[in-house]
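Peer 1:
Take a look at the structure:
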């Protein structure tokens with residue numbers, strides 16, 4: 431039973447992921463509630479983020495920056511800061527390719543030390559609607575078992591690094607996480623608490639092996655996702671990604687999710703109706719996770735590879751209303 435006045439409180443939503451997929455989810459969620467928390471992967475080792483990580487030993491800031499930009503205030507100041515944060519320096523010098531937001535986050539990390547304090551400070555600067563948290567407070571590496579890279583197509587080769595995994599021409603079979611420092615990855619405590627306190631938790635869309643599944647491989651975060659009373663929703667990608675999930679059907683994404691987190695139960699699977707060639711197979715795969723499949727149009731104006739935040743928000747609203755949250759959205 432919910433406490434008195436619970437229906438007067440905004441829906442507490444948590445979205446887990448990274449990159450452009452997480453940005454789409456956050457922009458959709460902010461249309462439903464002001465209480466949105468992003469839990470962001472910290473394994474990026476490419477581009478500006480990779481350079482700052484290698485040179486300074488800091489959390490890769492790029493995915494954190496994108497989540498902050500997605501939740502920035504919609505007034506003039508918020509839009510200005512969002513644009514500035516996303517701006518990349520040109521030219522051929524030392525700053526070429528770096529995003530302004532990456533450099534500011536890196537500077538604050540060196541000054542303040544605590545990643546959560548850094549992100550909360552940036553959130554105040556940008557007038558954030560919601561909060562951005564790292565999955566872990568230290569950088570992580572993704573390690574994958576991959577087949578199809580040798581003459582013997584069944585031979586398993588181990589590759590390491592987010593960029594290497596995301597661009598492999600082979601088939602990723604399983605991933606693991608390794609911390610830069612000794613020991614298993616330890617979750618950000620505030621991220622764990624956010625998941626436990628949430629009314630709804632979203633996984634996906636995004637790079638399946640490098641942005642979505644890593645959250646399930648951090649032990650404390652995994653347990654929080656299993657134990658939370660929140661409505662758990664998986665948002666599927668619109669198209670397979672070259673290299674990482676080439677040839678994957680929508681239901682194959684769910685099979686891989688189940689392989690990496692067999693105890694995880696899900697309430698809803700949201701997918702674009704035009705991206706699902708065999709709806710019955712998807713419904714069966716969703717049911718194996720305890721979920722109902724919700725198919726609707728969630729793309730943006732003919733762009734088959736990009737979620738439309740407004741359309742995705744409507745689909746999420748419908749899914750949540752069918753799962754006991756009709757008074758909260």
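Residue numbers (my numbering): 431 to 759. Quick reminder that beta carbons are idealized off the backbone N, C-alpha and C, glycines included. Since the structure is predicted, the reported quantities are computational estimates derived from the model, not experimental observations.
#1: What do you reckon, are the CB atoms on residue 749 and residue 738 nearer than 8 Å?
#2: Measuring CA to CA, which of 524, 685, 453, 447 is closest to residue 743?
#3: Please name the residue, chosen from 535, 699, 539, 751, that lies closest to residue 718 on a Cα-to-Cα basis.
#4: Taking 6 Å as the limit between beta carbons, can you name the residues of its chain near residue 691, skipping five residues before and five after?
#5: For a quick check, are the C-beta atoms of residue 762 and residue 529 less than 8 Å apart?
#6: Give me the Cα-Cα distance between residue 450 and residue 672, rounded to the nearest whole angstrom.
#7: Which word fits residue 561, buried or exposed, when buried means at least 16 other C-beta atoms lie within 10 angstroms of its C-beta?
#8: Just verifying my parser: in three-state terms, what is the DSSP assignment at residue 601?
#9: Spatial neighbours of residue 457 within its chain, please: CB distance less than 6 Å, with the 5 preceding and 5 following residues excluded, ordered by chain position.
#10: Under the assumption that residue 442 contacts residue 628 (Cβ atoms under 8 Å), give the Cβ distance between them as a whole number of angstroms.
#11: How is residue 431 classed by DSSP in three states: helix, strand or coil?
#12: If you count every other CB in all the chains shown that lies within 10 Å of the CB of residue 495, and 16 or more means buried, which is it?
#13: If I measure Cβ to Cβ from residue 587 and keep anything under 8 Å in the same chain, skipping five residues before and after, which residues do I get?
#14: From the DSSP output, read off the bridge partner residues of residue 564.
#15: Give the secondary structure of residue 724 by DSSP, where H, G and I count as helix, E and B as strand, and everything else as coil.
#16: Buried or exposed for residue 435, going by 16 or more other Cβ atoms inside 10 Å?
#17: If you follow the alpha helix (DSSP H) that residue 661 is part of, which residue opens it and which one closes it?
#18: Would you list the one or two residues that DSSP bridges to residue 444?
#19: Could you name the residues of the same chain whose beta carbon sits closer than 7 Å to that of residue 518, not counting the 5 residues immediately before and after it, in chain order?
#20: Within 10 Å of its beta-carbon, does residue 540 have 16 or more other beta-carbons around it, so buried, or fewer, so exposed?
#21: Excluding the 5 residues preceding and the 5 following residue 549 in the sequence, name in chain order all residues of the same chain whose CB lies nearer than 6 Å to its CB.
#22: Suppose contacts are defined by Cβ-Cβ distances below 8 Å. Is residue 440 in contact with residue 463 by that definition?
#23: Could you check if residue 584 is buried or exposed, using at least 16 other CB atoms within 10 Å of its CB as the buried criterion?
#24: How would you label residue 735, buried or exposed, when you count the other beta carbons within 10 angstroms and need 16 or more for buried?
#25: Helix, strand or coil for residue 729? Go by DSSP, reduced to three states.
#26: Could you tell me how far apart the beta carbons of residue 474 and residue 492 are, in whole angstroms, since I believe they sit closer than 8 Å?
Peer 2: This is what the structure gives:
#1: As a position in the chain shown, residue 749 is number 319, starting the count at 1. As a position in the chain shown, residue 738 is number 308, starting the count at 1. Cβ distance not < 8 Å, so residue 749 and residue 738 don't count as in contact.
#2: For the purposes of this step, residue 743 is identified with residue 313 of the chain shown, where counting begins at 1. The residue with the shortest Cα to Cα distance from residue 743 is 453.
#3: One-based indexing of the chain shown puts residue 718 at position 288. The residue with the shortest Cα to Cα distance from residue 718 is 699.
#4: Locating residue 691 in the chain shown gives position 261, counting from the first residue. Correct list, in chain order: 646.
#5: The structure shown has nothing for residue 762, since the chain only spans 431 to 759.
#6: Translated into the one-based positions of the chain shown, residue 450 becomes position 20. Translated into the one-based positions of the chain shown, residue 672 becomes position 242. Roughly 16 Å between the two C-alpha positions.
#7: For the purposes of this step, residue 561 is taken as residue 131 along the chain shown, with counting starting at 1. Residue 561 should be labelled buried.
#8: Your numbering for residue 601 matches position 171 in the chain shown. Note: residue 601 maps to strand in three-state DSSP.
#9: The sequence position of residue 457 within the chain shown is 27, counting from 1. Excluding residues within five positions, the ones whose Cβ falls inside 6 Å are 500, 739.
#10: One-based indexing of the chain shown puts residue 442 at position 12. One-based indexing of the chain shown puts residue 628 at position 198. Indeed they touch by this definition, with Cβ atoms about 5 Å apart.
#11: In the chain shown, residue 431 corresponds to position 1, counting from 1. Any reading at residue 431 is ruled out, since the residue's pLDDT is 33, under 50, leaving its predicted position unreliable.
#12: Numbered from its first residue, the chain shown carries residue 495 at position 65. When all chains shown are included, residue 495 counts as buried.
#13: As a working note, residue 587 is residue 157 in the chain shown. 575, 576, 577, 579, 580, 600, listed in sequence order.
#14: What you label residue 564 is simply residue 134 of the chain shown in a count that begins at 1. 470, per the DSSP bridge assignment.
#15: The residue given as residue 724 occupies position 294 in the chain shown. Strand, per DSSP.
#16: Here residue 435 corresponds to residue number 5 of the chain shown, with the count starting at 1. Caution applies to residue 435, whose pLDDT of 44 falls short of 50 and renders its modelled position unreliable; the value that the coordinates give is listed next. With fewer than 16 other Cβ atoms within 10 Å, it is exposed.
#17: One-based indexing of the chain shown puts residue 661 at position 231. It is not in any alpha helix (DSSP H) - residue 661 instead sits in the beta strand (DSSP E) that spans 661-665.
#18: For this step, residue 444 is matched to residue 14 along the chain shown. Beta-bridge pairing links residue 444 to 467, 631.
#19: Along the chain shown, read from residue 1 onward, the residue named residue 518 stands at position 88. Closer than 7 Å at Cβ, skipping near neighbours: 527, 528, 529.
#20: Residue 540 sits at position 110 when you count from the first residue of the chain shown. Exposed.
#21: For this step, residue 549 is matched to residue 119 along the chain shown. Once the five neighbours on either side are set aside, the close Cβ partners of residue 549 are 562.
#22: As a first step, residue 440 is located in the chain shown; it is residue number 10 there, counting from the start. As a first step, residue 463 is located in the chain shown; it is residue number 33 there, counting from the start. A contact, by the Cβ cut-off of 8 Å.
#23: Within the chain shown, numbered from 1, the residue matching residue 584 stands at position 154. Its Cβ having fewer than 16 others within 10 Å, residue 584 is exposed.
#24: The count along the chain shown starts at 1 and reaches residue 735 at position 305. Label assigned to residue 735: exposed.
#25: For the purposes of this step, residue 729 is taken as the residue at position 299 of the chain shown. Residue 729 falls in the strand class under three-state DSSP.
#26: The count along the chain shown starts at 1 and reaches residue 474 at position 44. The count along the chain shown starts at 1 and reaches residue 492 at position 62. So it is a contact: roughly 6 Å between Cβ atoms.
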